[in-house]
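2 protein chains.
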Amino acid sequence: MNVDLSATWQEASRVTLRGRIAVVIDVLRATSTIVTAIQSGAREVIPVETPEDARLAAQKTGAYGAVLGGERGGLKIEGFDFGNSPYEYTPHSVGGKAVIMTTTNGTRAFAAAREADITVAAALLNIGSVANVLLHEGRDVAVICAGTEGRVSLDDLYCAGALIERIVTPGSDWVLNDGAKLAVHWYGSNTGTSFDVLASCAHGRRLAELGFHRDVEYCSGMDTVTEVPVLKGRSLVSR
Amino acid sequence: MNVDLSATWQEASRVTLRGRIAVVIDVLRATSTIVTAIQSGAREVIPVETPEDARLAAQKTGAYGAVLGGERGGLKIEGFDFGNSPYEYTPHSVGGKAVIMTTTNGTRAFAAAREADITVAAALLNIGSVANVLLHEGRDVAVICAGTEGRVSLDDLYCAGALIERIVTPGSDWVLNDGAKLAVHWYGSNTGTSFDVLASCAHGRRLAELGFHRDVEYCSGMDTVTEVPVLKGRSLVSR
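One line per chain: the protein sequences are A and B, in this order.
So for the first sequence, the numbering used here puts the first residue at 1010; every next one is plus one.
So for the second sequence, the numbering used here puts the first residue at 1010; every next one is plus one.
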């Protein structure tokens, strides 16, 4: 089987996703927040590309208790219920509700993954559970790092490397593309330092400047969540 | 000063290049071949995006002894004088001539660099000379790895890391973006193994399959060429 990694969602547009399971990663913070929302009992998370798309989707699903979440420039969008901080997505705030979400990088990566047979959301938080899903499915994997505004982002690559390292065990017959090899190498040289990696990458420093230190710390937690959000139609739901 | 690395030429479209010196890297094989052609006495190398562009440019410059070079799918283009093997660009074949060149990745990276104040061609072959140019210029650097058909390529990242490692000395005040940090890390973990890196990356394996083993070996040579081709107008010339 193959592991094909794209370092940005823009790069993923060049990958044949049909027949594959796509793993979307945006550690800071979209997939960390989505994983948390599902763990908190959100009925579904609907990733959309723009704030306008989010408002339109809310009008359609509003009767069922939809809330709006997401960011632009790291900050909550005007008129939205929540920003992109996982701490906002508690059982109290999102339990039983549909969360419609738009972020600069992460939610767009789900759009880039639309041709895949199966699409799941991964973060450091749920990495062990995602690895188990990949091993269970036993098919070619396309890892789609969201990146940051089209640029390679070290936090996403770290998470991707950690994930690939868990499925590519000695003796297994996985074949890695250049990006996947690079991710494994990056993770392998920084094992056990997830907080340092997230805090020192460009995106982590930017979030700290905006006052989101705690989010960076939270997102660096590994294996703290068991949920694996999976795309059904346009919604991410509990697998 | 800043070092901003793009892992593919597509990623570079998101970078502000004005005020910067751009370093275009396509180790396998475009910039290795361009560096070799200039070292062999080619008067200029004109990078163009398509075979049709190349033929049109040849009609304009034909009277001055233009030759056509480049590849699609790694192989010489029909009707062209040369492919993309550096061994073809000898003093006998290109000395004093204009070489019009189109390749799948590398020559397009020069188009992506067009807004930069200065653009140079770098490969492992001329890495020391390029580092000296960057230290001499003392301005912000944009490293543009060509990548392979939009995908991150470990050969280009290796060369970029080797180059950055030479200019970012202890005590210097260079600031690296995530991509540049990754390249330095990748190179630092594989110092002294340039042939192994080039031979094992996806592009190197593909070239070996096509029978270009010797090209991969040649392109892995470090500091074997002193020329630094620099873009003047539309032409790369000896600096």
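Quick reminder that beta carbons are idealized off the backbone N, C-alpha and C, glycines included.
Compare the Cα-Cα distances from residue i to each of the options and report the closest residue.
i, options, result
"A1169 of chain A", "A:R1117, A:E1124, A:G1082, A:L1191", "A:L1191"
"E1058 of chain A", "A:I1127, A:V1129, A:T1111, A:A1217", "A:T1111"
"P1060 of chain A", "A:I1109, A:Q1019, A:A1075", "A:I1109"
"H1222 of chain B", "B:C1210, B:V1142, B:G1147", "B:C1210"
"G1199 of chain B", "B:A1171, B:G1220, B:A1217", "Gly is not the amino acid found at residue 1199 of chain B; the sequence shown has Asn there. Considering only alpha carbons, the answer is B:A1171."
"G1050 of chain B", "B:D1164, B:K1106, B:V1032", "B:K1106"
"V1044 of chain A", "A:E1146, A:V1142, A:A1132, A:N1114", "A:A1132"
"I1034 of chain B", "B:T1233, B:R1243, B:S1244, B:C1228", "B:C1228"
"F1204 of chain A", "A:V1239, A:L1240, A:L1163", "A:L1163"
"L1226 of chain B", "B:T1233, B:V1103, B:L1207, B:R1248", "Here the sequence assigns Glu to residue 1226 of chain B, which means Leu is not the residue at that position. For E1226 of chain B, the nearest C-alpha among the options comes from B:L1207."
"R1215 of chain B", "A:S1015, A:G1147, A:N1186", "A:N1186"
"S1015 of chain A", "A:D1126, A:E1158, A:R1175, A:G1188", "A:G1188"
"E1174 of chain A", "A:L1144, A:G1088, A:T1042, A:G1156", "A:L1144"
"I1127 of chain A", "A:G1197, A:G1230, A:P1238", "A:P1238"
"D1232 of chain A", "A:N1141, A:V1193, A:W1195, A:G1220", "A:N1141"
"T1040 of chain A", "A:V1177, A:E1146, A:A1118, A:G1213", "A:A1118"
"Y1167 of chain B", "B:W1195, B:V1103, B:R1052", "B:W1195"
"A1063 of chain B", "B:G1088, B:I1047, B:K1241, B:D1013", "B:G1088"
"W1018 of chain B", "A:S1247, A:H1212, A:G1220, A:V1161", "A:V1161"
"D1090 of chain A", "A:V1076, A:N1011, A:G1197", "A:V1076"
"S1247 of chain A", "A:N1011, A:Q1048, A:V1032", "A:Q1048"
"A1046 of chain A", "A:A1031, A:G1213, A:G1092", "A:G1092"
"V1103 of chain B", "B:V1193, B:E1146, B:T1042, B:H1212", "B:T1042"
"I1086 of chain A", "A:V1234, A:A1066, A:P1095, A:T1113", "A:T1113"
"V1251 of chain A", "A:T1235, A:S1094, A:E1146", "Lying before the first or after the last residue shown, residue 1251 of chain A is absent from chain A, which here runs from 1010 to 1248."
"A1125 of chain A", "A:T1235, A:V1032, A:G1156", "A:V1032"
"G1213 of chain B", "B:D1013, B:N1011, B:V1193, B:G1156", "B:G1156"
"A1130 of chain B", "B:T1235, B:N1011, B:M1010", "B:T1235"
Using 10 angstroms around the beta-carbon of residue i, count the other beta-carbons present and answer buried if the total reaches 16, otherwise exposed.
i, result
"P1259 of chain B", "Given that chain B is displayed from residue 1010 to residue 1248, the structure contains no residue 1259 of chain B and the question cannot be resolved."
"T1116 of chain A", "buried"
"G1201 of chain B", "exposed"
"Q1068 of chain B", "exposed"
"P1100 of chain A", "exposed"
"E1218 of chain A", "exposed"
"D1165 of chain A", "buried"
"R1123 of chain B", "exposed"
"R1038 of chain A", "buried"
"D1224 of chain B", "buried"
"R1243 of chain A", "exposed"
"R1148 of chain B", "exposed"
"R1023 of chain A", "exposed"
"E1020 of chain A", "buried"
"E1158 of chain B", "exposed"
"E1097 of chain A", "buried"
"L1245 of chain A", "buried"
"L1240 of chain A", "buried"
"G1220 of chain B", "exposed"
"G1197 of chain B", "exposed"
"G1074 of chain A", "exposed"
Original post:
Touching or not, the region 1142-1160 of chain B and the region 1049-1057 of chain B, by the rule of three or more beta carbon pairs under 8 Å?
Top reply: no
**OP:** With 9 Å as the C-beta to C-beta threshold (strictly closer), list the residues of the region 1012-1023 of chain B near chain A in chain order.
**Re:** D1013, L1014, S1015, A1016, T1017, Q1019, E1020, S1022, R1023
**OP:** Write down every uninterrupted run of the alpha helix (DSSP H) in the region 1142-1204 of chain B whose length is 4 residues or greater and which is fully enclosed by it, in chain order.
**Re:** 1163-1176, 1187-1197
Subject >> Members of the region 1152-1174 of chain A near chain B, C-beta cut-off 9 Å >> reply: G1156, T1157, E1158, G1159, R1160, V1161, S1162, L1163, D1164, L1166
Original post:
Going along the region 1193-1208 of chain A in order, which residues come within less than 7 Å of chain B, judged by CB to CB distance?
Top reply: H1194, W1195, S1198
Subject >> Completely contained alpha helix (DSSP H) runs for the region 1094-1129 of chain B, where each covers 4 or more residues >> reply: 1100-1103, 1115-1121
Subject >> Validate contact between the region 1022-1041 of chain B and the region 1073-1087 of chain A using beta carbons, cut 8 Å, 3 pairs >> reply: no
Subject >> Where the region 1114-1128 of chain B meets chain A: residues whose CB sits under 7 Å from a CB there >> reply: none
**OP:** Determine contact between the region 1127-1142 of chain A and the region 1179-1189 of chain A, defined as no fewer than three beta-carbon pairs at a distance below 8 Å.
**Re:** no
**OP:** Go through the region 1011-1088 of chain A residue by residue and report every complete run of the alpha helix (DSSP H) that reaches 4 residues or more, in order.
**Re:** 1018-1021, 1039-1048, 1060-1070
**OP:** Determine which residues of the region 1208-1219 of chain A have a Cβ less than 7 Å from any Cβ of chain B, and write them out in chain order.
**Re:** C1210, A1211
Subject >> Members of the region 1179-1193 of chain B that neighbour chain A once the beta carbon cut-off is set at 8 Å >> reply: N1186, D1187, G1188, K1190, L1191
**OP:** Jot down the residue ranges of each uninterrupted alpha helix (DSSP H) in the region 1198-1248 of chain A, minimum 4 residues, whole runs only, in chain order.
**Re:** 1203-1209, 1211-1218, 1222-1228
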